[in-house]
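Using numbering that gives the first Met the number 0, the first residue of the sequence shown is number 0, and each one after it goes up by one.
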Amino acid sequence: MKTTYAIVDIETTGTDPKSDRIIQFGCVLVENNKIVSRFATDINPMQPISKQIQNLTHISNKRVKKAPLFEDVAPIIYNLLENTVFVAHNIHFDYHFLNHELERCGMPPLKIPGIDTVELAQIFLPTEVSFRLGDLAESLGLEHDAPHQADSDAEVTAALLVYMEHIMKALPLVTMEKIAQLSTVTSMQTSEYIQSVVQEMRDNPQPLSANLEIVDGIALRKKEVKLFLEQHFAKPYPTTKKEKMALYQEKLTYRKEQSKLMNIIYRHFTTSEQKDLLVEASTGMGKTIGYLLPAHFLATPEKPVIISTVSILLQQQLINQDIPLLNTLLEQPIQATVVKSKNHYIDLQRFKATLNIPVQQKQYALYQMGILVWLTQTVTGDFDELNLVRLNHLLFQEIKHRGVENLAKSQALYKEDFLRHLYAQMKQSNVLIINHALLAQETQRQQQLIPNSPYLIIDEAHHLPDIMEQVSNLFIDTSAFQRKLGQFQDEGQLFDLIQLMVNQDYETSRLFQLYRDELTAIVEVQEDIFYEWSQTTGIREENIVTKDQREAVSRQCEKNIQRLLLYYEELLVLQEQLTTLMHRMNHSWLNRQRILFGDLLSFFDEMVRQYQLMDHWFSNWEENYVHFLAIYGNQRTVKLQLIDFDAAILPNTRWYERYEHILYIGGTLRVSGDRSYFAKKLGIPEAPLKVIPTTYDYAKQAQLFTLDKGIAIHDYDASEYAKYLANTLTTLLEDTKQPVLVLFTSHDILQKVYSRMHMKFLENGREILAQGMGGSREKLLKRFIQSNDSILFGADSFWEGVDLPGDSLQLLIVTRLPFENPERPMVKARQAYLEKQGINPFIQETIPKAALKLRQGLGRLIRSQEDKGTMIILDRRIVTTKYGKKMARALPKELPLQEASVEEIREATVQFLEKTKDLNENSTDSAKVFV
Numbered sequence: 000m001k002t003t004y005a006i007v008d009i010e011t012t013g014t015d016p017k018s019d020r021i022i023q024f025g026c027v028l029v030e031n032n033k034i035v036s037r038f039a040t041d042i043n044p045m046q047p048i049s050k051q052i053q054n055l056t057h058i059s060n061k062r063v064k065k066a067p068l069f070e071d072v073a074p075i076i077y078n079l080l081e082n083t084v085f086v087a088h089n090i091h092f093d094y095h096f097l098n099h100e101l102e103r104c105g106m107p108p109l110k111i112p113g114i115d116t117v118e119l120a121q122i123f124l125p126t127e128v129s130f131r132l133g134d135l136a137e138s139l140g141l142e143h144d145a146p147h148q149a150d151s152d153a154e155v156t157a158a159l160l161v162y163m164e165h166i167m168k169a170l171p172l173v174t175m176e177k178i179a180q181l182s183t184v185t186s187m188q189t190s191e192y193i194q195s196v197v198q199e200m201r202d203n204p205q206p207l208s209a210n211l212e213i214v215d216g217i218a219l220r221k222k223e224v225k226l227f228l229e230q231h232f233a234k235p236y237p238t239t240k241k242e243k244m245a246l247y248q249e250k251l252t253y254r255k256e257q258s259k260l261m262n263i264i265y266r267h268f269t270t271s272e273q274k275d276l277l278v279e280a281s282t283g284m285g286k287t288i289g290y291l292l293p294a295h296f297l298a299t300p301e302k303p304v305i306i307s308t309v310s311i312l313l314q315q316q317l318i319n320q321d322i323p324l325l326n327t328l329l330e331q332p333i334q335a336t337v338v339k340s341k342n343h344y345i346d347l348q349r350f351k352a353t354l355n356i357p358v359q360q361k362q363y364a365l366y367q368m369g370i371l372v373w374l375t376q377t378v379t380g381d382f383d384e385l386n387l388v389r390l391n392h393l394l395f396q397e398i399k400h401r402g403v404e405n406l407a408k409s410q411a412l413y414k415e416d417f418l419r420h421l422y423a424q425m426k427q428s429n430v431l432i433i434n435h436a437l438l439a440q441e442t443q444r445q446q447q448l449i450p451n452s453p454y455l456i457i458d459e460a461h462h463l464p465d466i467m468e469q470v471s472n473l474f475i476d477t478s479a480f481q482r483k484l485g486q487f488q489d490e491g492q493l494f495d496l497i498q499l500m501v502n503q504d505y506e507t508s509r510l511f512q513l514y515r516d517e518l519t520a521i522v523e524v525q526e527d528i529f530y531e532w533s534q535t536t537g538i539r540e541e542n543i544v545t546k547d548q549r550e551a552v553s554r555q556c557e558k559n560i561q562r563l564l565l566y567y568e569e570l571l572v573l574q575e576q577l578t579t580l581m582h583r584m585n586h587s588w589l590n591r592q593r594i595l596f597g598d599l600l601s602f603f604d605e606m607v608r609q610y611q612l613m614d615h616w617f618s619n620w621e622e623n624y625v626h627f628l629a630i631y632g633n634q635r636t637v638k639l640q641l642i643d644f645d646a647a648i649l650p651n652t653r654w655y656e657r658y659e660h661i662l663y664i665g666g667t668l669r670v671s672g673d674r675s676y677f678a679k680k681l682g683i684p685e686a687p688l689k690v691i692p693t694t695y696d697y698a699k700q701a702q703l704f705t706l707d708k709g710i711a712i713h714d715y716d717a718s719e720y721a722k723y724l725a726n727t728l729t730t731l732l733e734d735t736k737q738p739v740l741v742l743f744t745s746h747d748i749l750q751k752v753y754s755r756m757h758m759k760f761l762e763n764g765r766e767i768l769a770q771g772m773g774g775s776r777e778k779l780l781k782r783f784i785q786s787n788d789s790i791l792f793g794a795d796s797f798w799e800g801v802d803l804p805g806d807s808l809q810l811l812i813v814t815r816l817p818f819e820n821p822e823r824p825m826v827k828a829r830q831a832y833l834e835k836q837g838i839n840p841f842i843q844e845t846i847p848k849a850a851l852k853l854r855q856g857l858g859r860l861i862r863s864q865e866d867k868g869t870m871i872i873l874d875r876r877i878v879t880t881k882y883g884k885k886m887a888r889a890l891p892k893e894l895p896l897q898e899a900s901v902e903e904i905r906e907a908t909v910q911f912l913e914k915t916k917d918l919n920e921n922s923t924d925s926a927k928v929f930v
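Have a look at this one:
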């Protein structure tokens with residue numbers, strides 16, 4: 000019997016079926032993967048449609064005024080859907096809302112089966128960034144003429160269902176059968192639909208794809224270690240313009256500044272006696288190709304070029320865009336591998352164990368099913384391919400890699416292990432791509448991961464000091480630790496299960512019981528110490544602890560501290576003994592037991608870090624360390640943090656000496672009046688800095704404004720200041736139609752301004768996107784880029800590392816000069832530390848740091864020679880104070896700072912951008928690639 004799928008979408012006045020009403024119904028009938036019928040109608044809700052819904056759906060009150068009531072079309076809809084399978088993107092909303100409306104009109108509720116395409120997409124499109132219907136349509140190239148209109152949404156949902164069924168049928172049968180087993184947790188009859196596809200695949204068996212293999216019941220994409228084949232007759236490095244142009248073959252455009260950068264880098268790596276070289280090169284001048292090309296002529300697997308950058312996005316750009324482009328020109332291709340820490344990769348053995356004894360939890364099973372599909376696609380096993388915002392779900396904690404040494408060599412999946420494959424591929428690569436955090440972690444890592452080399456390139460180098468400090472930070476929350484330990488100690492939980500696993504061996508069982516007792520003793524002594532501490536010091540909340548306070552603790556408290564450190568030392572000895580004994584038993588355990596052992600080893604690692612923190616926090620009182628303490632209300636549990644202000648001093652790290660020549664490159668490595676500012680932060684003050692002239696014509700590409708009249712910010716409280724900003728921004732933006740980025744220095748002010756502005760703008764058809772509201776940074780940026788006139792409020796990370804070229808950003812507003820809050824304890828501590836070093840913190844640290852941030856803000860606006868835009872600074876201190884004027888000098892001198900009223904700035908901005916638009920429309924595109 001033929002199955003008819005009714006793909007349904009409804010638009011409503013709101014989300015509550017008790018008070019809201021349907022304003023549009025759309026349905027597409029599909030049989031045998033083909034659309035056989037369509038039905039759509041507007042519906043008069045007999046209540047006003049809010050401006051927000053009108054702007055979202057483009058369905059106005061006037062439009063629905065003459066439309067039928069739902070009572071009039073309810074019988075038609077009911078008969079249309081009878082004997083079909085109901086399909087919707089988020090079925091819980093459409094199915095239940097529609098049923099509520101049918102019952103309100105005296106019709107019987109629908110009792111037909113239903114399928115949710117959101118859950119199908121989560122399973123069969125596991126690497127998609129977003130599962131919103133519009134985002135999926137754009138990503139998959141599905142036609143979607145009118146998003147948030149029921150007929151268009153139903154049409155694209157139908158196309159999505161057909162697309163996913165093709166994907167399902169192309170998967171190996173073994174994968175689909177396992178997914179069918181796990182799919183019982185899915186909504187309504189989604190599982191039955193999956194099982195029907197599996198049955199059809201059984202009835203029409205297809206051969207396994209040549210690029211797949213079945214190992215231990217799991218279908219995997221075949222992978223191979225690509226051998227590095229050295230071309231012995233490759234051409235030498237092209238030093239002259241003529242030689243470079245011959246190499247480019249008209250695929251790349253010769254650029255004087257880029258060529259200069261290439262030659263500087265090649266000379267540094269081949270003839271310079273200097274270890275360190277800083278190069279400031281503006282974004283958009285082709286700096287990535289600028290360092291890749293000369294590096295290529297030196298790189299071999301024995302002496303690989305190590306490239307460290309700041310983000311996953313930049314790593315992907317290198318591996319997927321820049322290197323493939325360059326390889327079209329080179330006789331000796333660059334063979335690059337992205338290297339990440341082990342917990343970024345899936346452990347196939349541990350994943351297999353989760354399949355054997357499934358956890359009956361919906362999201363757990365959805366992730367399992369998605370991973371089964373992903374394993375037929377990935378050759379890296381890198382979780383980042385799944386595009387998840389975070390990996391803190393239980394499943395990922397269970398299946399993340401713990402290291403090759405913890406694999407069972409006897410299992411079939413051992414040979415297919417992704418981490419083993421990564422290490423083999425690294426040995427055949429002449430370029431290794433890492434990030435700054437991985438580089439910084441080399442100082443803490445027991446076994447070296449990143450190889451020695453003559454060549455290290457640190458891209459986006461201005462991020463390095465902060466990341467070095469973040470990585471060095473040690474932190475513990477003893478309250479969270481106690482909760483975790485309590486869970487592990489509960490009856491039938493991890494420690495009981497481990498105890499059962501080791502009961503067969505008397506010595507191991509005895510040691511593990513001692514281990515549990517030692518943990519209990521540690522918790523008790525921790526509580527005694529910090530209760531005593533809070534009583535004697537008077538500290539009740541967040542504080543920076545001084546050496547004098549540490550030395551003022553009572554004799555009993557000091558005894559407890561020494562006893563605590565002794566317990567930790569005993570605990571670590573027990574951990575080593577248990578690890579050795581349990582590894583010997585590993586071969587006899589079931590897969591699920593190996594997962595439990597992995598969980599125990601993770602806990603062991605956590606206790607090592609905890610001991611390191613406690614030891615350093617109580618014992619290390621050198622001036623560069625800051626001891627942070629926050630005591631909970633019970634006065635027995637605390638948050639401890641140890642911060643090293645010298646963490647960015649490179650000569651102190653383990654990895655610095657491993658590299659003969661290091662290049663630090665970025666767009667903002669200097670400030671006005673102090674070319675060595677960045678080098679001094681890294682502890683290499685003698686390192687030379689070379690500046691590649693910018694390729695931008697700021698006089699033509701940009702405008703820079705500040706207000707001719709403003710407020711004294713410090714005279715206003717937060718609410719008054721937020722009101723002032725909201726009024727000023729509203730005046731500036733209400734008649735502009737360009738995309739706008741508004742940068743804040745405070746999340747609190749950002750949220751206050753957003754709450755004052757967003758409804759008014761939304762009612763007028765313009766969305767304000769705000770950091771911390773409405774999704775991750777990546778999702779906000781994607782929505783911003785897709786919109787023609789959105790306003791994006793951002794703080795922190797939005798000041799830098801945001802690539803919004805072309806028309807994606809034309810107006811940048813800085814609400815306040817980007818100084819750190821001087822009242823924050825950590826900022827105070829840093830300033831005190833600098834003062835002890837004889838450094839004026841405001842002149843030599845605060846102002847340069849804020850000036851760099853201001854330059855980075857401008858870098859969001861102008862990132863290519865084609866970009867045009869206006870930057871507006873709403874803080875008049877930029878012209879009224881000496882330090883403000885000094886910060887202004889850090890901006891391009893070709894970009895004069897103009898003072899004008901809000902109205903004049905708005906008018907000048909509109910005229911400038913309209914003129915730019917006209918010029919762009921009359922220009923022609925170049926056929927060459929600019930990189």
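The beta-carbon is built from N, C-alpha and C at its ideal position, and this holds for glycine as well.
- Taking each of Y695, A145, G793 in turn and checking the Cα distance to S745, the smallest one comes out for G793.
- Here the alpha carbon of V72 sits roughly 22 Å from the alpha carbon of H88.
- By the Cβ test, the region 647-660 is not in contact with the region 836-855, since fewer than three Cβ pairs between them sit closer than 8 Å.
- K736: not part of any alpha helix (DSSP H); DSSP gives it neither H nor E.
- DSSP, read as helix, strand or coil, puts P293 in helix.
- G283 places its beta carbon 8 Å or farther from that of Q257.
- V388 carries a coil assignment under DSSP once its states are collapsed to helix, strand and coil.
- Here the alpha carbons of L385 and I9 stand approximately 30 Å from one another.
- For H660, the uninterrupted beta strand (DSSP E) segment begins and ends at 658-665.
- Here the alpha carbon of I767 sits roughly 28 Å from the alpha carbon of Y697.
- Rounded to whole angstroms, the gap between the alpha carbons of W373 and I217 is 11 Å.
- DSSP places I398 inside the alpha helix (DSSP H), whose first and last residues are 393-398.
- Cβ contact annotation for V173 (same chain, cutoff 8 Å, sequence separation greater than five): I213, G216, I217, A218, in chain order.
- For G485, there is no enclosing beta strand (DSSP E); the enclosing alpha helix (DSSP H) has its first and last residue at 477-488.
- As the crow flies, the alpha-carbon of P332 is around 21 Å from that of T308.
- Collapsing the DSSP output to three states places F24 in a strand.
- Per DSSP, L170 lies in no alpha helix (DSSP H) and is assigned neither H nor E.
- Taken through DSSP and simplified to helix, strand or coil, D643 comes out as strand.
- Ranked by Cα distance from Q809, the first of E865, T116, P453 is E865.
- Inclusion of M886 and L703 in the CB contact set at 8 Å is not warranted, their separation being larger than that value.
- If you draw a straight line from the Cα of E822 to the Cα of E568, it is about 38 Å long.
- Annotation for M613: the continuous alpha helix (DSSP H) segment containing it runs 590-618.
- Inclusion of K361 and V184 in the CB contact set at 8 Å is warranted, their separation being smaller than that value.
- Taken atom to atom, the span from the alpha-carbon of L160 to that of T40 is near 22 Å.
- Taking the C-beta atoms as reference points, L277 is found nearer than 8 Å to F677.
- The region 428-446 makes contact with the region 313-328: 3 or more CB pairs, one atom from each, lie closer than 8 Å.
- Minimum Cα-Cα distance from L347 among the listed residues V337, F417, N355 corresponds to F417.
- Within the region 293-344, the complete alpha helix (DSSP H) segments of 4 residues or longer fall at 311-316, 322-326, listed in chain order.
- Around the C-beta of E118, 16 or more other C-beta atoms lie within 10 Å, and the residue is accordingly described as buried.
- Taken through DSSP and simplified to helix, strand or coil, A889 comes out as coil.
- K708 and L731 have their C-alpha atoms spaced approximately 14 Å apart.
- Sequence-distant partners of L761 (beyond 5 residues in either direction) whose C-beta falls short of 6 Å from its own C-beta, in its chain, are Q51.
- Boundaries around T116 are those of the alpha helix (DSSP H), 116-123, since no beta strand (DSSP E) includes it.
- In this structure, Y253 lies near K240, with their beta-carbon atoms less than 8 Å apart.
- Non-local beta-carbon contacts of Y363 in its own chain, meaning distances under 7 Å to residues more than five positions away in sequence, involve L393, L394 in chain order.
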